[in-house]
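Line order of the protein sequences matches chains A and B.
Counting in this note's numbering, the first sequence runs from 2 upward without gaps.
Counting in this note's numbering, the second sequence runs from 240 upward without gaps.
Note that the Cβ used here is the ideal one computed from N, Cα and C, for glycine as well.
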Amino acid sequence: MRRDRWLLPVGVEEILPPAARHAEQVRRQLLDLLDSWGYDLVMPPLVEYLESLLTGVGHELDLKTYKLTDQLTGRLMGLRADMTPQAARIDAHYLRRDTPVRLCYLGPVVRTRPDEFGGAREPWQIGAELFGQSGPRADAEVLRLMLALLECAGFSGLHVDIGHVGVYRALARDAGMDAPVEQELHEALRRRSHAEVDAILAGLTLPARVDRHLRALIDLHGAQAEFAAMEALLAEAGPKVQDALADLKAVWRAVDQAHPGITWHFDLAELSGYGYHTGAVFSAFVAGYGQAIAQGGRYDEIGHAFGRARPAVGFSADLRLLLKLRNEAAQAPPAILAPCRDDEALRAKVRALRARGERVIEVLREGAEQDKDTGCDRELIQQNGRWTVVARH
Amino acid sequence: MVTLALSKGRILEESIPLLERAGIVPEEDLAKTRRLIVGTNVPDVRLVVIRAADVPTYVRYGAADLGIAGKDVLLEDGGEGLFELADLGIAVCRLMMAAPIDEASRGIARSWTRLRVATKYVRITERYLAAQGIQADIIHLYGSMELAPLVGLADCIVDLVSSGRTLAANGLKPVEHVLDVSAWLVANRAAMKMKYEALRPVITCLTKERGT
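Shown next, in the form of C-alpha cells:
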C-alpha cells in the first residue's frame, strides 16, 4: 500500500484533538469579542464567480486564487483567497446603508501557493471591516479592535508598526512621475534600497524640494520619539502630506491611550499593500516571529468596483498562525465515564450532567476494560441507590 | 541580540575586513572555526556563517536580523519581504553569458532559436532572456557550468565571472553582460520594525565602511 496516499498537500494541515477543541474555543472567544464591539458577522461563500471575487483587487490576489469552471454556466469560478473584497461587496451590494457598517468574518481561504515559507495554503482568515466612515477615529477603532483581538488570543508585548501611504502618494503626485517610474520607485522603497531610490530619482528632474522629500522618505521610520523629526523633515511638503501626518498622529494618540503597553514604530516608507491601501496602514509583530501576525489599513477605493465607493478600513489575521504562535498545550478535556447499564435513573443523571455542560462518555460494552480508556477523570457509580460522580484512579 | 548572517566563500573573505573596519571583530577566526554561531567584540552582536544561497531564507524568516548576500543570490531568490538596505561594494563581479569561442564569434545568442542555457541562476537567466525575446531551455546545474557546452549539454552558460580565466581555460568567451554583482546588506522586515534601535548602529557602521 502506498504510504504517501495519506499525505496532505504542501501548506495544508489538519488540527487534531485536543488542539482542535482548543482552537474552537479560541475561535468562539474571538467572535464574541468582535460581536461585543458591534461588528456583524457575515459568512461569504467559499466559491464565487471570478469577476466578483477579483474585481478591484490587485494582480497578486489573482495569482493566489484557484480557478475552476462552473459546469452549469461555463463561467469561471474562484475559491476565495481573501475575504476582504467579499465583505466590501456585501457592504456595497446588499446592505446599501449610508451609515457606518461594521462587518466581521472568520473562515478558511485557499491560496494557490503559500505566502511564505511554512505558510498555510488554507489559512483561517479572521478580520473586521468598518465601512462608511473616514478619518482617524475609524482607523483608531479598527486598530484598537485588532489589538484587543490579539490580546484576547493571548498575545502580549506587541509591537505595532504604523504608517500612511498618503505621504508617498502625495509626494509622488507632486513629482508628477509617470506610472512606470512611480511603480519602480515604489518597488525600490518597498525593498528599502537606497541605491535604487537614488538612481531612479537621479534620472528625473524634480523640483529640489520634492526630490529632497522623496529621498528622505526611505529613512523616515523609527520609534515614536522620532516622529517629530520626521514631521520636521516634511514640514515644507504640501497640504496632503500634512493631512496624512496629522491623521497618523491622531490614530496613534487614540490607540496609545487605550493600549499603553504597545511598542510603536512609525514608518512613512511602509508601502506593502500599496496597490489598494489609501491611508493609514498598520501591522502587529511579536518578538521571535519574523513576519506580521495581523495587519490592516484604510482602503477607500475598493467599493468603486462594486459601483459604490465607500470609505473603508479593516484588518485581518490568520487564526491558524495565531494558534500556532501561542502554542498553548491543549489539555484533554475533563470528562465523566458512565457505565453500560439500562437504567433510567442513570440516563436521567447523564442528561442532567450534559445539560450542565459536563462531558459524559458512555461505555459501550459491559465489562470491556479497554472501552474505559477514554481519558475520563471521573466516573459515575451507584452509591446507596443513587448515581454519583466520583474521581477515577 | 542582533544576528548577522554572512555568506561563505568570497563574500566572507571580503566581509571580515569590512566588519573589522566597522568595529565588529569576530571572537574566532571565521575561516577556521567549526562553530556555526560566533560572537563578536560587540556585546549582543553575533555572526552566523552559512551558504550564500541560504542567507535570504535566514533573514526573511527572522533567523538572522541582517545578512550580507550577493545581488545574484538576492535576485535569484526574489528578495520578497527583505529590505535590501545598501550595496556594500564588496565581492564585485559580473554575471555573464558565455559560449564556446567559435560560436561566440559567429554572432551571439540571438541567432539561436531555442537556446539551451546551463546555469545556477535559473530565475535571473529566464528573466534576462525573456527581456531579450530569446526562447530558451534552461538547464539547472549546481556547479562547473563551463563543462556543459564542452560536452554538448548546453549551447551556452550564464555564470559569475571575475577574471575570466576559467572561461578562457575551457574555450569559452563572454558574449552578453547580464548583471553587475556585488554584496548587499539585507534586513528582516520585522526586525527593522521591532528592534531598529539595536540594528541601527550596525547598519550605520557597515554602510559607512562600504567599499568603493
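1. So, are the CB atoms of A375 (chain B) and L368 (chain B) less than 8 Å apart?
2. Kindly provide the ranges of any beta strand (DSSP E) runs that are 3 or more residues long and lie completely inside the region 330-374 of chain B, ordered along the chain.
3. Closest to P339 (chain B) by C-alpha separation, out of B:R273, B:A261, B:D394, would be which residue?
4. Can you tell me whether H1 (chain A) is helix, strand or coil according to DSSP?
5. Would you mind sorting S37 (chain A) into buried or exposed? The rule is 16 or more other CB atoms within 10 Å of its CB.
6. For a quick check, are the C-beta atoms of L465 (chain B) and L243 (chain B) less than 8 Å apart?
7. By DSSP, does D378 (chain A) sit in helix, in strand, or in coil?
8. So, helix, strand or coil for G368 (chain A), using DSSP?
9. Answer yes or no: does any C-beta atom of chain A fall closer than 8 Å to that of T451 (chain B)?
10. Return the first residue and the last residue of the beta strand (DSSP E) that W265 (chain A) is part of.
11. Just to make sure I have the definition right: I need the residues of chain A whose C-beta is within less than 7 Å of the C-beta of D326 (chain B). Which are they?
12. Mind checking P46 (chain A): buried by the 16 CB within 10 Å criterion, or exposed?
13. Start and end of the alpha helix (DSSP H) containing E152 (chain A)?
14. Can the beta-carbon of L131 (chain A) be found less than 8 Å from the beta-carbon of R90 (chain A)?
15. Name the chain B residues whose beta carbon is nearer than 7 Å to that of D63 (chain A)?
16. I need the straight-line Cα distance from I219 (chain A) to A336 (chain A), nearest angstrom please.
17. Taking all protein chains shown into account, decide if M336 (chain B) is buried (16 or more other Cβ within 10 angstroms of its Cβ) or exposed.
18. Report the option in A:F307, A:R193, A:I201, A:S157 whose CA atom is closest to the CA atom of L221 (chain A).
19. Examine the Cβ distances between the region 439-447 of chain B and the region 256-276 of chain B and report whether three or more of them are shorter than 8 Å.
20. To the nearest whole angstrom, what separates the beta carbons of L305 (chain B) and E448 (chain B), a pair I think is in contact under 8 Å?
21. Put P18 (chain A) into one of helix, strand or coil per three-state DSSP.
22. Would you call the region 286-302 of chain B in contact with the region 408-421 of chain B, where contact means no fewer than 3 C-beta pairs closer than 8 Å?
23. Does any CB atom of chain B fall closer than 8 Å to the CB of A288 (chain A)?
24. Since I362 (chain A) and A346 (chain A) should fall inside the 8 Å C-beta cutoff, what is the C-beta to C-beta distance between them, to a whole number of angstroms?
25. Below 8 Å, how does it come out for the region 282-298 of chain A and the region 156-167 of chain A: are there three or more Cβ pairs, yes or no?
26. How is C444 (chain B) classed by DSSP in three states: helix, strand or coil?
27. Listing by chain order, which chain B residues have their CB less than 7 Å from the CB of G223 (chain A)?
28. Residues in the same chain with beta-carbon distance under 8 Å from C153 (chain A), minus the five sequence neighbours each way, listed in chain order, please.
29. Relative to chain A, which residues along the region 305-336 of chain B have a C-beta separation below 8 Å, given in chain order?
30. Within 10 angstroms of its Cβ, does G223 (chain A) collect 16 or more other Cβ (buried), or is it exposed?
31. What are the boundary residues of the beta strand (DSSP E) that includes K434 (chain B)?
Let me spell this out:
1. yes
2. Taking only runs of at least 3 residues, the beta strand (DSSP E) segments lying wholly in the region 330-374 of chain B are 332-339, 353-358.
3. B:D394
4. The displayed coordinates of chain A run from 2 to 394. Any statement about residue 1 (chain A) would go beyond what the structure contains.
5. exposed
6. It is not possible to answer for residue 465 (chain B), since the shown part of chain B is limited to 240 through 451.
7. coil
8. coil
9. Any reading at T451 (chain B) is ruled out, since the residue's pLDDT is 45, under 50, leaving its predicted position unreliable.
10. 264-268
11. Ordered by position in chain A, the residues that pass the 7 Å Cβ test against D326 (chain B) are A196.
12. exposed
13. 137-153 is the extent of the alpha helix (DSSP H) around E152 (chain A).
14. Going by C-beta atoms, L131 (chain A) is not nearer than 8 Å to R90 (chain A).
15. For D63 (chain A), there are no C-beta contacts with chain B under 7 Å, since the nearest C-beta of that chain is about 17 Å from it.
16. Rounded to whole angstroms, I219 (chain A) to A336 (chain A) spans 58 Å at the Cα level.
17. It counts as buried.
18. A:R193
19. yes
20. 14 Å between Cβ atoms; not a contact.
21. coil
22. no
23. yes
24. Contact flag wrong, Cβ pair sits at about 18 Å.
25. yes
26. helix
27. Y435
28. Leaving aside the five residues that flank C153 (chain A) on each side, the residues in its chain whose CB is nearer than 8 Å to its CB run, in chain order, Q30, L31, L34.
29. G318, G320, L321, F322, E323, L324, A325, D326
30. buried
31. Element bounds for K434 (chain B): n/a, residue is neither H nor E.
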